[in-house]
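Student: Let me begin by handing over the structure; questions about it come next.
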Amino acid sequence: MKGLVALITGGASGLGLACAQRFVRQGARVIICDLPTSKGSQVVQALTDMTQSVAAKSNINNPDDEDDQLGSNSDDYTNVDTTQTGNVDLEEHQKLLRGQQIASDTSSSSSSSSLSSQQAIFYPGDVTNENDVQQIFDRIKQTYDRLDVVVNCAGIACAFRTYNINKRSMHGLGEFQKVINVNVSGTFNVLRRACHLMADNQPNENGQRGVIINTASVAGYEGQIGQVAYAASKGAIASMTLPLARDLSNMGVRVCAIAPGVFHTSILNALPIRVKLLLGNMVPFPSRVGKPDEFAHMAQSIIENPYLNGEVIRLDDSFYLIQLQNMQQRTRNTQKSQFGIILLIFELTRASHIPPITLVIIGLNILIYWDMIPISILESSDLESVCLSTNYVYDMGQYSRLFFAPLFHGDDMHLYYNMVSFLFKGQQLETLFGSKYFAILVFVCSLSSSIMIVLLGQIASVLFENPSFASQCAIGFSAVIFALKVITTHYTPADRHYVWGIPVPTKYAVWAELFIIQFITPNVSFLGHLAGIIVGLLYVNGPIQYICESIFNLIS
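Residues 5 to 560 (my numbering) are what the sequence shown spells out, left to right.
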């Protein structure tokens, strides 16, 4: 890295900035290319200050040894080569290292030599503009007379579905073309000019004249919803890598690409902290979001390994394994068994009486499970798109989950157990309250339980300093049933209730069932069941009962 001349596009922020910082620390001279509106000038000033600070420390530590001053920080920060490099002499380098004024009688360098002695320079420009890029390379030629490395980090992203059925709007062609233009055409525009300049380099002992590193993405392999344009652009970068390496092999230029996963960038930093922690927790090991310097470290490794060529390197900490597991789980969920439905229908035929609202709600759940009732507001009936968690509702504002999560079930047996339990509660409570009031009660308990799940996830994640509580996703009618259990035991007092055949004092029955279910099936949502119990207690102690009665009186 020491003494190399490197061009970094998109170098004023994110992954490009991390590359600039690392390369300068390793003694390379960096040209930062970014838009005129970027913070390129401030970045260069910061890099210059960093260089001078390290040089000043070197002077303090070794004030009498000029040779040591040049090499004392080599393990942590390699500044420049001690031999003459290009048009830059040792005195110019020492001026940069020490941050001192050269004596007035020292012969002045030319303007290009003065620029070439700087560790970092900012050349503003748009990578999609031919004139801008041509001028940047003309300035590099004039200043350095060579280019050793190009790292293409300039890129943009957008998030649009191909077609939004709810809004009846399609993905704009302009947005798609802009992403392709910047990410693909911009990358190609820079690297083709770079080849022209690298062709004049003297080959090293391996016959190498230069290295080009492009930025792909795991989205190019496993794009997510709304990433059609971005995934297409990054897939193109990945596909270009091997042909480019073969194209440029005869002139001694290596080409590789890095496909990063989830990294700390300006886009990620705009997300709520809990969402960032959630993304980090989805990564197997280490369970965190990638650091930009780790991307830069990979770029350095590519530069320093002369045998690495034509390869797209996934830098994602096996994040795709989690995506694959989720996809397989969703596939299993779509292969629905009917055994639980048969058992449920058998229980319904055995029932002595089924109140009308109870029957309607059970039928609604069965039809939704069979995908026989399309819910237009939902873009998908996939469980992942309807399950309820603090992250989805509180952080991402997906409030429709509050209403629809209780109506979806993971499998047929999940549906069976919930609906049989609901049947017993309905027989008691609908008979007691009447159908109209019972319908209001079920709706209010359903919505209140969903809200309570979100609140409990927030409280638990803060209280236990564990963001996984906020990401726990719940579906099904269980929370509503637990709320109705509390109400049922309140209105049907008895000394004991039976929980799984075990006699339990009435006031402890619902709590006993909560922990027994959790012990027998640990994958169920503890927060969901607890939320239902709390909602039931809020009903028997007044607030939710008042809401139900107010709605009933209003309708009546």
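Here a beta-carbon is modelled for each residue, glycine too, at the ideal position from N, C-alpha and C.
Fair warning: this is a prediction, and the values are worked out from it, not measured in the lab.
Across which residues does DSSP place G294 in a beta bridge pair?
Tutor: Per DSSP, F267.
Student: List the endpoints of the continuous beta strand (DSSP E) containing D38.
Tutor: From DSSP, the beta strand (DSSP E) with D38 extends over R33 to D38.
Student: According to DSSP, is S173 part of a helix, a strand, or is it coil?
Tutor: It is a strand residue.
Student: Below 8 Å between beta carbons: does that hold for F180 and A233?
Tutor: Yes, Cβ-Cβ distance for F180 and A233 is below 8 Å.
Student: Opposite V154 in the DSSP bridges: which residues?
Tutor: BP columns for V154 point to L11 and I216.
Student: So which of V28, E434, R26 and F192 has the shortest CA-CA distance to L363?
Tutor: Ranking the options by Cα distance to L363, first place goes to E434.
Student: Which same chain residues, not among the five before or five after A478, have their C-beta less than 8 Å away from its C-beta?
Tutor: Once the five neighbours on either side are set aside, the close Cβ partners of A478 are C391, L392, S393, A409, I457, S529, L531 and G532.
Student: Report buried or exposed for N156, applying the criterion of at least 16 other Cβ atoms within 10 angstroms of its Cβ.
Tutor: With 16 or more Cβ atoms within 10 Å of its Cβ, N156 is classed as buried.
Student: Taking three-plus beta-carbon pairs below 8 Å as touching, is the segment 193-206 in contact with the segment 165-172?
Tutor: Short answer: they don't touch.
Student: When the distance is taken between beta carbons, is A535 closer than 8 Å to A483?
Tutor: Yes, they are a contact pair.
Student: Using a Cβ-Cβ cut-off of 8 Å, state whether A240 counts as contacting chain D.
Tutor: The structure shown contains no chain D; it is built from a single protein chain.
Student: If you run the structure through DSSP and keep just helix, strand and coil, what is A124?
Tutor: The answer is strand: DSSP assigns A124 an E or B state.
Student: What residue range does the alpha helix (DSSP H) around V316 cover?
Tutor: Element bounds for V316: not the alpha helix (DSSP H) but the beta strand (DSSP E), V316 to L319.
Student: Would you call T492 buried or exposed, if buried means 16 or more other Cβ atoms sit within 10 Å of its Cβ?
Tutor: Label assigned to T492: buried.
Student: Whole angstroms are fine: how far does the CA of P128 sit from the CA of C37?
Tutor: Rounded to whole angstroms, C37 to P128 spans 5 Å at the Cα level.
Student: By the three-class DSSP mapping on this structure, what secondary structure does L252 have?
Tutor: Coil at L252, not helix or strand.
Student: With the cut-off set at 8 Å, would you say V490 and L541 are in Cβ contact?
Tutor: Yes. Within cutoff.
Student: So what's V186 in DSSP terms, helix, strand or just coil?
Tutor: V186: helix per DSSP, three-state reduction.
Student: Looking at the structure shown, is R165 part of a helix, part of a strand, or coil, going by DSSP?
Tutor: R165 falls in the coil class under three-state DSSP.
Student: Counting Cβ pairs, one atom from each stretch, are 3 or more of them under 8 Å apart for the segment 139-153 and the segment 202-213?
Tutor: Short answer: they touch.
Student: Using the beta-carbon count (16 or more within 10 Å), is E469 buried or exposed?
Tutor: Answer is exposed; the Cβ neighbour count stays below 16.
Student: Note down the Cα distance separating N254 from L248, rounded to an integer number of angstroms.
Tutor: Taking the straight line joining both Cα atoms gives about 11 Å.
Student: Hey, G15 and L8: beta-carbon distance below 8 Å or not?
Tutor: It is not a contact, given that the beta carbons lie outside the stated cut-off.
Student: Put T82 into one of helix, strand or coil per three-state DSSP.
Tutor: Summary for T82: the model assigns pLDDT 29, below 50, so the residue's position carries little reliability, and this model does not support an answer.
Student: Hey, could you find the ends of the alpha helix (DSSP H) T353 is sitting in?
Tutor: That run of the alpha helix (DSSP H) goes F343 to R354.
Student: Tell me, please, whether the segment 206-224 touches the segment 303-317 by the rule of three or more beta-carbon pairs shorter than 8 Å.
Tutor: They touch, by the three-pair rule.
Student: Going by other Cβ atoms of all chains shown within 10 Å of its Cβ, with 16 needed for buried, is E318 buried or exposed?
Tutor: For the record, residue 318 in the displayed sequence is Arg; it is not Glu. It is buried - the Cβ of R318 has at least 16 other Cβ atoms within 10 Å.
Student: Which of helix, strand or coil does DSSP assign to C260?
Tutor: C260: strand per DSSP, three-state reduction.
Student: For the alpha helix (DSSP H) holding L363, just list the boundary residues, first then last.
Tutor: First-last of the alpha helix (DSSP H) with L363: P360 to Y373.
Student: To the nearest angstrom, report how far apart N293 and A235 are at their CA atoms.
Tutor: For the record, residue 293 in the displayed sequence is Val; it is not Asn. About 20 Å.
Student: Can you tell me whether L312 is helix, strand or coil according to DSSP?
Tutor: The answer is coil: DSSP assigns L312 none of H, G, I, E or B.
Student: Would you report the Cα separation of I377 and L371, rounded to the nearest angstrom?
Tutor: Roughly 6 Å separates the two Cα atoms.
Student: What did DSSP end up calling A16 once you bin it into helix, strand or coil?
Tutor: Three-state DSSP puts A16 in coil, outside helix and strand.
Student: Keeping to the same chain, check which residues put their C-beta closer than 7 Å to that of A223; ignore five residues upstream and five downstream.
Tutor: Correct list, in chain order: Q231, Y234, A235 and K238.
Student: Which residue wins for smallest C-alpha separation from A263, given the options S425, I485, L19 and I537?
Tutor: Ranking the options by Cα distance to A263, first place goes to L19.
Student: Name the DSSP bridge partner or partners of A478?
Tutor: Note: A478 sits in a beta bridge opposite L392.
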